[in-house]
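In what follows, a single structure is set out as structure tokens and then discussed.
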């Protein structure tokens, strides 16, 4: 059957395919377009003699007449393949032509991977190509672009030498994320990570904070659903995170369908984290997790907790009615940071099971935030002015303006109450970093496995970004400005070594804060056969 040869040029190399068109004899309508088949031949080696090379067949000759693959002619001598200056990859990534690339940003992240123990965890997760995941971590932190730009970033960044086996074409990234997102790798990663945290004493695993957030997406996966949170609807999945209560260090992440409410996830997540060796004895949660079933689960498992009671709960309305008159007294006024809050300790008994009469008797704290009181009043009057509230509804809103109720399993001094509760802000900062700094959003995946792999990758990038935040807290630099500054330090590449540019003061300040040796004007040996370990020859280079 007749056909023709089609050629394509990619990355300076020519590839060939055999194309043919034909009509199905069973279809009588001749106006319909003919069918077309394409047979990939491989990279063009000798165009005139029809010799090609493919991964599957090696060197072959294609006969257009018979449309058969034949061995090369006896006099054919395979050409000598050009040796790239930098590590070659199987996905066709060309060796970079740049002789000077960005250096400081990926160099710093590489050291944070080691100091945090994350590098050991990845090396022990038994991935086919851990270099790809390690390079993607740096890409997620250094660059907010889509993954389809990762390969271009790699070509201009020292990460290509830090992780010489990394393959960052779109197809290879998808494969790496899908592998990382399998159930076996998910369990292996979090088991190893939490074990590493325990060994290093980097966090107190007895006390954790838990919260969820929505990740909007249109991916066709089982976890994408219409969720209703905060008065708005969106097509999303729900992400649950657990952090160390005092420091905000990220410990664990799980995922749920977007249409599940928080109350349905807390007991399940507690069971999951126990499987990974995380068994806290105290928990800090928001109102969405404080249903009667949740409180009963905490009581039955002996878990101490501190939570906010929702304003729609009967116990909240009864507490406001019974104690509001005594709340606004100067003796109850407590200063917390820049806020002044009235706090009154009250007796709080919540009925857990109407049939058995089981109750939970805890320590309640009725609070009124003076600043929030003014803001809530203003908002209520504005809605009333627009006709969105009736007079009765306005009266109810004004009664509870700026008021909230906290429930604790232990008795707390009023001076300790708000600092303890507001440590929840640590997990809010985790969500902010994940969504706005390290590429958790937008989510553009095709199946559940790549979705899970993307979550773990975002988890690791968020962890390191938070480490960088803690590293720079006593400096005038933010993590983003520090990374941009470090990016300005380049490295000049030669055959088997590189010479880092002399570092300016800002670059040296960041290195000093991170407690790493800044290779300013030093020779770095490039060992392409294995993982990068900076080897300095100790000789300053002449500018």
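Residue numbers (the working numbering): 2 to 544. The beta-carbon is built from N, C-alpha and C at its ideal position, and this holds for glycine as well. Bear in mind that the values here come from a model prediction, so they are computed numbers and not experimental data.
When the Cα atoms are used, what is the spatial distance from residue i to residue j?
i           : j           : result
residue 154 : residue 487 : 15 Å
residue 91  : residue 56  : Low local confidence applies: a pLDDT of 42 at residue 91 is under 50, so the model's placement there is unreliable, and no value is given.
residue 178 : residue 347 : 51 Å
residue 335 : residue 329 : 11 Å
residue 397 : residue 386 : 16 Å
residue 404 : residue 476 : 37 Å
residue 491 : residue 156 : 13 Å
residue 459 : residue 134 : 11 Å
residue 463 : residue 298 : 30 Å
residue 519 : residue 368 : 50 Å
residue 36  : residue 20  : 11 Å
residue 224 : residue 371 : 40 Å
residue 106 : residue 484 : 5 Å
residue 498 : residue 234 : 55 Å
residue 12  : residue 421 : 57 Å
residue 366 : residue 423 : 14 Å
residue 15  : residue 9   : 6 Å
residue 52  : residue 41  : 13 Å
residue 263 : residue 433 : 19 Å
residue 546 : residue 494 : Coverage of the chain is limited to positions 2 through 544, which leaves residue 546 absent and any answer about it impossible.
residue 331 : residue 266 : 40 Å
residue 194 : residue 241 : 17 Å
residue 468 : residue 360 : 42 Å
residue 276 : residue 452 : 22 Å
residue 58  : residue 64  : 15 Å
residue 89  : residue 166 : Residue placement at residue 89 is poorly supported in this model, since its pLDDT is 40, which falls under 50; the coordinates still yield a value, given next. Answer to the nearest angstrom: the Cα atoms are 8 Å apart.
residue 208 : residue 247 : 8 Å
residue 286 : residue 145 : 31 Å
residue 110 : residue 480 : 11 Å
residue 375 : residue 382 : 11 Å
Kindly indicate which three-state DSSP category residue i falls into: helix, strand or coil?
i           : result
residue 265 : helix
residue 192 : helix
residue 387 : coil
residue 483 : helix
residue 229 : strand
residue 105 : helix
residue 373 : helix
residue 83  : Caution applies to residue 83, whose pLDDT of 47 falls short of 50 and renders its modelled position unreliable; the model cannot decide the point.
residue 17  : strand
residue 354 : strand
residue 498 : strand
residue 475 : coil
residue 246 : coil
residue 456 : helix
residue 382 : helix
residue 9   : strand
residue 201 : helix
residue 38  : strand
residue 428 : helix
residue 52  : strand
residue 76  : coil
Establish whether the CB of residue i and some CB of chain B are separated by less than 8 Å.
i           : result
residue 440 : Absent from the structure is chain B; it holds one protein chain and no more.
Determine, using beta carbons only, whether residue i and residue j come nearer to each other than 8 Å.
i           : j           : result
residue 268 : residue 288 : no
residue 282 : residue 245 : no
residue 457 : residue 182 : yes
residue 61  : residue 73  : yes
residue 504 : residue 472 : no
residue 303 : residue 260 : no
residue 345 : residue 324 : yes
residue 160 : residue 174 : no
residue 402 : residue 362 : no
residue 419 : residue 320 : no
residue 253 : residue 191 : yes
residue 316 : residue 351 : yes
residue 440 : residue 257 : no
residue 427 : residue 210 : yes
residue 511 : residue 478 : yes
residue 465 : residue 113 : yes
residue 251 : residue 431 : yes
residue 239 : residue 278 : no
I'd like to confirm the pairing. Which residues does DSSP put opposite residue i in its beta bridges?
i           : result
residue 125 : None; residue 125 has no bridge partner.
residue 214 : 240
residue 287 : DSSP, once it has assigned bridges, lists no residue as partnering residue 287.
residue 359 : 354
residue 368 : 344, 405
residue 258 : 238
residue 491 : 103
Kindly provide the ranges of any alpha helix (DSSP H) runs that are 4 or more residues long and lie completely inside the segment 301-347, ordered along the chain. If one requires a minimum length of 4 residues, the alpha helix (DSSP H) runs lying completely within the segment 301-347 are 315-328, in chain order.
Can you list the alpha helix (DSSP H) stretches of 4 or more residues lying completely in the segment 127-186, in chain order? Runs found: 131-143, 151-156, 160-163, 171-181.
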